[in-house]
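To keep things clear, I will list the structure first and then write my remarks on it.
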Amino acid sequence: MGVKGLAAFLRQKAPGGFVPVAAADVAGKRVGVDVAITLHKGAAMEHKYGPLSALETLAQELAWLLELGCRPVYVFDGVAPDLKAEETERRRELRAGVQARLAAAEARLAEAPGDAEAREQADKLRRQCCCVTEETMRQARELLRALGVPSVEAPGEAERALAHLQRAGRIDVIFTEDIDVLLCGASSYVKNYSLLRLPPWPAGTAATPERCAEVVRADAVLAGLGVSYEGLLTVGLLAGTDFAPKLPRMGPATAWKHVKQHGAELSACKALEAAGLLERYRQARALLSFDAGETGPSWSVDEDDPPDLAGLETLFAALRQLGSLAVLRCHVERAAEARRRGSMMERPAKRSREGPREAETKQAALGDAPSPQDPECSARSPEAKLGSADEKASPSLA
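In our numbering, each number is its position in the sequence shown, counted from 1, plus 102.
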């Protein structure tokens, strides 16, 4: 999902709702992760790191969470609602256009291999047209199952399932880049969460939103806007979601002014009725809004089960044809060891991207995985180019 301009508007009107957060603030907590976003970050680097980049990114993130003493739960999107069909088709057409431009850029690069501008343009277009395939999703489910890490199949959008799990007290923290999770009723979420794994910026460096992970708190956002949850949901709906056509000249600022003046009821927006969209927006509201009486999804595995090493080897055997398994094995071995020991290790605030690994881990039964300090492992890490995070303490995330 996505509401264009909503995050920037909320930051402007309610800056107190965006607070820098450090790894120590999520240590030991149950973390719900929108797995599609994690996999997409890796898939965007496939042109550089190879076809296993998405799974490598997932395994690296998982190892870090387990070593931090967190209890991760990965949430997969379910079947997209019918109301999203138009948006899905629009995105498919956009991707086809990007692929056509990529083909032209690659042809230009083939004619002039030394053309730095053509290479940069081709890399940019590759990132734009990347997508996470159903096969990659299946492999991710298999990897999590073999490691004994719970995953959840959302009835629809992952953001709504994450919000429900948090409101029901089954997870403490949400990792996602989608501010729509607030529209679904989440009390808070962590954005730019990949930056939590990286060393802090040097002293004196300004902590801009692009440079650090932040916790976005719904209570502070609502206070800054001067609206209720229902009002925020109406602001998001009027500003434009994936589930209904957007009204012309209606962005977040205009939507907020309307809610402040006329209230949160959709029927108060005469433009919706005039455009014949009132019922469509009501259906979209029902898809997003939090329902305290709804039965939440169940875990995929028992968290007390040990890692299935035989299952991991079966997965590796299937993946071997796609490329080198060295980096993936590196991160999976770390995750499996932390999972077996129920690791609650305390990590210093300033740590390397990969972190040390105890000597006994090298004898793990997953085979000849390289050490995390191995140049091949760190150099091909999809997170290696993300930059650093400013690690300022934040209020409790619970």
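For glycine and all other residues, C-beta sits at the position ideal for the given N, C-alpha and C.
These numbers come from a predicted model, not from an experiment.
Check, Outcome
"Gln363, buried or exposed, once every other Cβ within 10 Å from all chains shown has been counted against 16", "exposed"
"Cβ distance (whole Å) where Ala386 is taken to contact Leu349 below 8 Å", "Between Leu349 and Ala386 the Cβ distance is about 12 Å, and since that is not below 8 Å, they are no contact."
"With 16 other Cβ atoms within 10 Å as the buried cut-off, status of Val323", "buried"
"Chain-order list of residues whose beta-carbon lies under 6 Å from that of Ala260 (same chain, five-residue window excluded)", "Asp136, Val177 and Asp179"
"Meets three-Cβ-pair contact criterion under 8 Å: the region 192-201 and the region 256-270", "no"
"Cα-Cα separation, Pro354 to Glu316", "21 Å"
"Bridge-paired residues (DSSP) for Val178", "As written in the sequence, residue 178 is Phe, which differs from the Val given in the question. Per DSSP, Glu255."
"Exposure label - Cys233; buried when at least 16 CB within 10 Å", "exposed"
"Validate contact between the region 103-110 and the region 198-215 using beta carbons, cut 8 Å, 3 pairs", "no"
"Exposure label - Leu468; buried when at least 16 CB within 10 Å", "Residue confidence is low: Leu468 scores 31 on pLDDT, short of 50, so the model does not pin down where it sits. Its coordinate-derived value is still stated next. Leu468 should be labelled buried."
"Contacting residues, own chain, Cβ-Cβ under 6 Å from Ala373 (five flanking each side not counted)", "Leu349"
"Spatial distance of Glu163 from Ala419 (CA atoms)", "22 Å"
"Of the residues Lys359, Ala256 and Ala263, the one placed nearest Val181, counting alpha carbons only", "Ala256"
"Alpha helix (DSSP H) runs contained entirely in the region 284-361, provided each spans 4 or more residues", "320-327 and 331-341"
"Distance between beta carbons of Gly333 and Ala366, contact taken as under 8 Å", "4 Å"
"Neighbourhood of Ala224 by C-beta, 7 Å cutoff - its chain only, sequence neighbours within 5 removed", "Leu204, Ala207, Glu208 and Leu211"
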